[in-house]
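The next block holds one structure in the form of structure tokens; read it before the comments.
In our numbering, the protein residues as written are 122 to 317.
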């Protein structure tokens, strides 16, 4: 004799297994979509700050000066917000200064620590953590980057590198990765080069 309803338990287990597999697949797709949206947002923000600098350059005819904080490579982002330079038509960005009145002129970022502009003579980052050796000098090429601090997720940084350069390569391509002295990885988008 067969019991009616015995197959119901098996059918339910099969249905649960199918729903479980579908939830894993949809969860992975959701994670991928969230990661892609974060990468797109970061790249958009970096490009917008680069465009801010380019607009400043077009209006004033001058490159941003180096900040007065003893750094020979961090650029004075305050010039994008307020300036007495001839031709200035800013503000060129909606970011605000992180430490107003400080000699370190970096911009506050709503989701990450901060975003800033840096120029360097280094065309190839390599393991560049000591930026004092990478200062621009007269007559040589100078490269300008937008750098974002506080991303903190290597998967996001690698996905950003793939989106920009098509391959992960921390020290080459348009998107570089600056590793700080404290081993923090910061995406750095190359957007301009000029003869210093």
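All C-beta atoms in this analysis are idealised placements derived from N, C-alpha and C, irrespective of residue type, glycine included.
When the Cα of residue i is compared with those of the options, which residue comes out closest?
{"i": "residue 200", "options": "174, 151 and 298", "result": "174"}
{"i": "residue 181", "options": "209, 219, 141 and 151", "result": "209"}
{"i": "residue 284", "options": "187, 132, 147 and 156", "result": "156"}
{"i": "residue 213", "options": "231, 177 and 167", "result": "177"}
{"i": "residue 215", "options": "166, 286, 138 and 151", "result": "166"}
{"i": "residue 303", "options": "293, 286 and 273", "result": "273"}
{"i": "residue 172", "options": "238, 217 and 219", "result": "238"}
{"i": "residue 315", "options": "299, 139, 286 and 259", "result": "259"}
{"i": "residue 313", "options": "135, 242 and 142", "result": "242"}
Secondary structure at residue i, three-state DSSP: helix, strand or coil?
{"i": "residue 259", "result": "coil"}
{"i": "residue 215", "result": "coil"}
{"i": "residue 177", "result": "helix"}
{"i": "residue 152", "result": "helix"}
{"i": "residue 138", "result": "helix"}
{"i": "residue 248", "result": "With a pLDDT of 49 at residue 248, under the threshold of 50, the predicted position of this residue should be treated as unreliable, though the coordinate-derived value follows. The answer is coil: DSSP assigns residue 248 none of H, G, I, E or B."}
{"i": "residue 311", "result": "strand"}
{"i": "residue 306", "result": "strand"}
{"i": "residue 288", "result": "coil"}
{"i": "residue 146", "result": "helix"}
{"i": "residue 226", "result": "coil"}
{"i": "residue 165", "result": "helix"}
{"i": "residue 281", "result": "helix"}
{"i": "residue 170", "result": "helix"}
Can you list, in chain order, the residues of its chain whose CB lies under 7 Å from that of residue i, leaving out five sequence neighbours each side?
{"i": "residue 311", "result": "264, 266, 295 and 297"}
{"i": "residue 275", "result": "306"}
{"i": "residue 232", "result": "none"}
{"i": "residue 289", "result": "279, 282 and 283"}
Tell me whether the beta-carbon of residue i lies closer than 8 Å to the beta-carbon of residue j.
{"i": "residue 170", "j": "residue 236", "result": "yes"}
{"i": "residue 198", "j": "residue 163", "result": "no"}
{"i": "residue 261", "j": "residue 184", "result": "no"}
{"i": "residue 160", "j": "residue 309", "result": "no"}
{"i": "residue 256", "j": "residue 193", "result": "yes"}
Considering only residues of the same chain and omitting the five flanking positions on each side of residue i, which have a CB-CB separation below 8 Å?
{"i": "residue 133", "result": "none"}
{"i": "residue 187", "result": "193, 194, 195, 196, 197 and 240"}
{"i": "residue 140", "result": "none"}
{"i": "residue 217", "result": "202, 228 and 229"}
Please decide whether residue i counts as near chain B, where near means a Cβ-Cβ distance under 8 Å.
{"i": "residue 170", "result": "Reference to chain B is not applicable here, since this structure consists of a single protein chain."}
Ignore the nearest five residues each way along the sequence and tell me which others in residue i's own chain have a CB closer than 6 Å to its CB.
{"i": "residue 291", "result": "298"}
Contact between the segment 203-217 and the segment 255-271 (3+ Cβ pairs under 8 Å): With contact defined as three or more Cβ pairs closer than 8 Å, the segment 203-217 and the segment 255-271 are not in contact.
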